[in-house]
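Protein chains in written order, with full-length UniProt numbering: chain A, 1 to 472; chain B, 1 to 472. Glycine included, C-beta positions come from ideal geometry on N, C-alpha and C. Note sheet for the following structure.
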């Protein structure tokens, strides 16, 4: 999961909205009065959804999981702009055809290619110590000789604002903001470098955006403001952030030496589209999606190997089960989500004239742990329909309305499209996110198979209903 | 906590004994019939133990915690044979005197000094991937050009035995034994290299001995058998062990390249003895202990900074509170526990003639999380006395009899001395143990202060009772 800077900025505004919408949720939930005919139509899908769930849980979902395992172990991390990402895209294209679905196309675009070459950090004062770091995507390098500078530990942008320029100039700013939520805390990673540079900092190190750590740094995207000096920026562990905070509080001077070397250019990559053509309204679409790229650490198994795989699986399994819905189901494997939804943005631009044809858009990019339900954006009636459909998936029937479903699809939802992201038991998601810990070890075959069954069965119903999902 | 190889070998034998003793525990617990006079005497300590607990919890223990924090942040990792370990010992000596206790002595001994210089592992086949490793203490180096060899993944020593020599010769053996318990699983770390070398392996990599991982390798001691080729040996993460297992199962050939450089010699170090002399039987002792050395990763905060600190604190706080028991309370800060109880062994040898004077021996080396009670070794009557004393510490009154209390003190217990180690809520102990994750972050001021109060108050009662703790 990644978050466009644009979206991050929107987020603080949204947090207030969430509070309000929760009231709204209760209202529309109470007032869900769908036409009896529609309720009956939805109920008529119960046999087919049960069949899909069951077939996937006990059989096809397990085969899919082993394909997922092979994919993850074969390619591992798949950063934007790399050959390994392109090979992994080819692999998925071939796998689609192998499973008897030939309607797979790609759309080429230019993507960032940022390469981690070498990075190290050492504490020189008060004593020698290695400090684990993980540079943020798009960080510039230090000079070849590195940077040796004093540290100032800062808790928040407020504190940065209040600190006089002299106390910051020439220093490495360590942002020590404790994890509150991803949305609230990630701003130090995404915006910290430019904010500190404006006050004369020479580099920033940011406490990893995670509620739990075993000395694991977490990378992620960041962005420089225009016309501000670009300074190197990296994650440190929660443990080292706490250490430096304690050392500073005890009056000790901290000096670090940083060497960080990265290379940046652009490459070609592809969004991959897998279509199961609708048998009545082929021009209308239900989109299911996940991103195929990952960060360059760990295996990208959780973020977003799992989500990409269960979304790819929707048209494939429905085709295998000979279940062709009225509308087209399009699985999209987004490319270059991590550097800032690059694939999704390009897709939106290219398909802007045909958004009316997108009936519903879905994304799984927050884990494929035990499935719980959906986070839904759309009109009250759209949400009522989703709620009615979810009844037959009980206990996978939780429904929320965060205003921010998924990451790639948010830019579509902002255009008024109804959509949903997968809710799952992802309490530990940020323990592993963007770190070496994002491996197959965090996954579980039963959970992934259950997610896959739910995802396919839900998408099938939405794509097959006689009624389009109504917009605002 | 470390485990002497000798003890590891004993362990499998003990595991059977544990089953039996649990029956014995029930028997002696039912049959605890202490003399009424002794019960009354123990009960008479209730005011003083409450006072100690309270003073430590609310006041002195918190000051001690801040001293502990400063100690850990000042010295960090303190491996056997290093200057930083010796400086940390000097610091504790000075701290003792600063707190008004001058009776502090040291006993010099020779200790292993094994230095991690450089290590790296890369998977060459089936694809390029960095593999995190952490060499085991006393591992030999590879040749300068490193080792490039095929991998064979083996689950157990049984499987190793059954595998023909040709399948192992010239290969890197990856031991993929899943964590059952530390005692049962650590044998792959401690004995794996020689067992694999006997069948022609050129190196061993061992799945880290932990029930949970965020891609964190865990180091520890290992020992080569005599007259067996010494091969390099290191930990890998749980994640990479699982990856290599999956790759092997899928029929793929795995090739790794290892570079591992270490240096070994011996240095002088010291056991540190802090005495609060007894006011009636100064020649008799109650020993409280923890080790001051650590591995070379993390901060050695949990293993065993916390246990060392609360043990050191016992004579110091009792002196501050002007509570001089009848017998001497001796805090021992063991040196060089990690490479194999080197300090404790030397102490035992040197003090063998005066073991009769040791009334009771205590150790905290399994965490200083929320205290629960004691693991007690000794005669049924000794355990009954401990049980009676623990009543006044309720809810810290759990009592177990594992047959293996602590690590350093086991060699004393084997000589018939009664003793106890601290039970605490250490379910996550092995998540951090011997890894970069062993930092102050796993500690909590309230828990450590409560451990310290309990430890001091319990030791005080035992050291002041009119009766010696009876031996077998």
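{"Query": "Can you tell me whether DSSP reads residue 123 of chain B as helix, strand or coil?", "Result": "strand"}
{"Query": "When the Cα atoms are used, what is the spatial distance from residue 50 of chain A to residue 56 of chain A?", "Result": "10 Å"}
{"Query": "Taking Cβ-Cβ distances below 8 Å as the criterion, which residues of the stretch 259–280 of chain B are in contact with chain A?", "Result": "none"}
{"Query": "In whole angstroms, what is the alpha-carbon distance linking residue 245 of chain A and residue 93 of chain A?", "Result": "49 Å"}
{"Query": "Going along chain B in order, which residues have a C-beta closer than 7 Å to the C-beta of residue 253 of chain A?", "Result": "Residues of chain B passing the Cβ test: none, with the nearest at roughly 14 Å."}
{"Query": "How close, in whole Å, do the beta carbons of residue 332 of chain B and residue 347 of chain B come, if the pair is a contact with beta carbons under 8 Å?", "Result": "7 Å"}
{"Query": "Which term fits residue 381 of chain A, buried or exposed, when burial requires 16 or more other beta carbons within 10 angstroms of its beta carbon?", "Result": "buried"}
{"Query": "Below 7 Å CB to CB, which residues in the same chain sit around residue 283 of chain B once its five sequence neighbours on both sides are set aside?", "Result": "357"}
{"Query": "Hey, does residue 139 of chain B have any beta-carbon neighbour from chain A nearer than 8 Å?", "Result": "no"}
{"Query": "By the three-class DSSP mapping on this structure, what secondary structure does residue 475 of chain B have?", "Result": "Absent from the structure is residue 475 of chain B, since the part of chain B shown begins at 1 and ends at 472."}
{"Query": "Among A/107, A/148, A/261 and A/134, which one has its Cα closest to the Cα of residue 345 of chain A?", "Result": "A/107"}
{"Query": "From residue 478 of chain A to residue 212 of chain A, what does the alpha carbon distance come to, in whole angstroms?", "Result": "With chain A represented from 1 up to 472, any question about residue 478 of chain A goes unanswered, as that position is not in the structure."}
{"Query": "Give me the residue from B/258, B/289 and B/66 with the minimum Cα distance to residue 149 of chain B.", "Result": "B/258"}
{"Query": "Pull out every residue of the stretch 239–252 of chain B whose Cβ sits closer than 9 Å to any Cβ of chain A, in chain order.", "Result": "239, 240, 242, 243, 246, 247, 250 and 252"}
{"Query": "Checking contacts by CB at 8 Å: is residue 118 of chain B closer than that to chain A?", "Result": "no"}
{"Query": "Can you list, in chain order, the stretches of the beta strand (DSSP E) that have 3 or more residues and sit fully within the stretch 162–235 of chain A?", "Result": "172–175 and 203–207"}
{"Query": "Does the beta-carbon of residue 229 of chain B, which I'm using as the reference point, lie nearer than 7 Å to any heavy atom of the ligand FAD?", "Result": "In the structure shown, the ligand FAD is absent, as is every other ligand, since no ligand is present at all."}
{"Query": "Give me the chain A residues within the contact set of residue 216 of chain B, using Cβ-Cβ distance strictly less than 8 Å, ordered along the chain.", "Result": "214, 215 and 216"}
{"Query": "May I ask which residues mark the beginning and end of the beta strand (DSSP E) holding residue 262 of chain B?", "Result": "255–276"}
{"Query": "Note down, in chain order, every chain B residue with its Cβ under 8 Å from the Cβ of residue 208 of chain A.", "Result": "Within 8 Å Cβ-Cβ: nothing; residue 208 of chain A doesn't reach chain B, min ~11 Å."}
{"Query": "Quick one: which residues of the stretch 431–445 of chain A get their C-beta closer than 8 Å to a C-beta of chain B? List them in chain order.", "Result": "431, 432, 435, 436, 437, 439, 440 and 441"}
{"Query": "In chain order, what residues of the stretch 411–428 of chain A put their CB closer than 8 Å to some CB of chain B?", "Result": "none"}
{"Query": "Entirely within the stretch 363–402 of chain A and at least 4 residues each: give me those alpha helix (DSSP H) ranges in chain order.", "Result": "380–390"}
{"Query": "Is the distance from the Cβ of residue 236 of chain A to the Cβ of residue 206 of chain A below 8 Å?", "Result": "yes"}
{"Query": "Quick check: the Cα distance between residue 291 of chain B and residue 336 of chain B, rounded to an integer number of angstroms?", "Result": "7 Å"}
{"Query": "To which residues of the same chain is residue 373 of chain B closer than 7 Å at the C-beta, ignoring the five residues directly before and after it?", "Result": "390, 396, 397, 398, 399 and 423"}
{"Query": "Where does residue 282 of chain A fall in DSSP's three states?", "Result": "strand"}
{"Query": "Kindly give me the distance between the Cβ atoms of residue 46 of chain A and residue 392 of chain A, rounded to whole angstroms, as I take these residues to be in contact under 8 Å.", "Result": "5 Å"}
{"Query": "Ordered along the chain, which non-local residues of its own chain (more than five positions away) have a Cβ less than 7 Å from that of residue 195 of chain B?", "Result": "157 and 160"}
{"Query": "If you drop the 5 nearest sequence neighbours on each side, which residues of the same chain put their C-beta closer than 7 Å to that of residue 181 of chain A?", "Result": "none"}
{"Query": "Have a look at residue 145 of chain A and residue 311 of chain B and give me their C-alpha separation to the nearest angstrom.", "Result": "46 Å"}
{"Query": "Report the option in A/109, A/454, A/298 and A/445 whose CA atom is closest to the CA atom of residue 130 of chain B.", "Result": "A/298"}
{"Query": "Residue 73 of chain A touches chain B at which residues, Cβ-Cβ below 7 Å?", "Result": "243, 246 and 247"}
{"Query": "With which residues is residue 424 of chain A paired in a DSSP beta bridge?", "Result": "A/371"}
{"Query": "Would residue 68 of chain A and residue 305 of chain A qualify as a contact pair, given that the criterion is a beta-carbon distance under 8 Å?", "Result": "yes"}
{"Query": "Do residue 80 of chain A and residue 264 of chain A have their beta-carbon atoms positioned less than 8 Å apart in this structure?", "Result": "no"}
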